[in-house]
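Residue 132 in UniProt numbering sits at position 132 of the sequence shown; the count goes up by one each step and never skips. First up is the structure itself, then whatever we jot down about it.
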Amino acid sequence: MADLDVPRRRGRGRPRDPETDSKITRAAAELLLLRGFDKTTVDEVAARAGVGKATVYRRWPSKEDLAVAAMETLYSAEFPEPDTGTIEGDLAANYRSFIAFANTDTGLAYLRMSITESLRDERIAALYRSSTERRENDARASLRRAIERGEVRRDADVDTAVQYLGGIVTARVILGRPLPQLEDVDTLVQFTLRGIRR
């Protein structure tokens with residue numbers, strides 16, 4: 001029997017443009033960092049992205065859904081873990097990078113928003129946890145290399161060492177206290193090393 005050419009039905013409307021999705025989530029992320037969730041509106045996101053409000057709502061039916069997508073783009077950013085050949089060098093490079101970021105307007109806004117929005121929406125909390133765990137795993141790899149080199153005790157509390165600086169910064173953000181500065185890096189590194197070195 002001869003094959004029949006059966007016409008295929010096309011989907012309704014034009015296919016979604018990934019570039020448009022990216023423009024919208026980028027605009028939403030910028031506004032969330034600038035103003036926070038409560039003061040950001042879908043109208044503003046649409047205007048900043050150069051699209052109509054209906055275009056935004058076709059992709060994300062609520063502001064909450066859009067915020068989750070925007071936060072996902074922020075949390076997907078990767079910070080390469082240093083490998084200087086020594087644990088002291090790795091910690092110093094890591095701490096310097098994190099402290100420099102935290103002391104920028106964008107970095108402080110990122111931390112404040114992460115804390116606030118994680119308490120408001122479990123989906124954002126899950127994204128934040130996943131991002132934090134990726135970075136912690138990278139830091140654990142650095143400590144494992146140091147253990148193999150004989151710089152760090154095999155019974156060292158790796159989890160506390162990995163979470164030490166992040167815990168300080170998070171507490172100070174919540175309490176509104178001054179964050180560690182670049183000139184504090186050496187002191188913070190030495191404090192960490194006292195707890196883990198052989």
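No residue lacks a Cβ here, since even glycine has one placed at the ideal position from N, Cα and C.
| Item | Value |
| --- | --- |
| Could you please give the first and the last residue of the uninterrupted alpha helix (DSSP H) stretch that includes T160? | 158-175 |
| Can you list the alpha helix (DSSP H) stretches of 4 or more residues lying completely in the stretch 95-166, in chain order? | 105-120, 122-149 |
| Rounded to a whole number of angstroms, what is the C-alpha to C-alpha distance between S118 and P80? | 24 Å |
| If contact is defined by three or more beta carbon pairs under 8 Å, each pair taking one atom from either stretch, is the stretch 51-69 in contact with the stretch 96-116? | no |
| So, under 8 Å CB-CB, L66 and A28 are touching, yes? Tell me the CB distance rounded to an integer number of Å. | 5 Å |
| Are the Cβ atoms of V152 and I196 separated by less than 8 Å? | yes |
| What is the DSSP secondary structure of R198, reduced to helix, strand or coil? | coil |
| Note down the Cα distance separating S97 from D43, rounded to an integer number of angstroms. | 35 Å |
| Nearest to S76 by alpha carbon, out of T20, D90, R26? | R26 |
| Using a Cβ-Cβ cut-off of 8 Å (strictly less than) and excluding sequence neighbours within five positions of R198, which residues of its own chain qualify? | G150, E151, V152, R153 |
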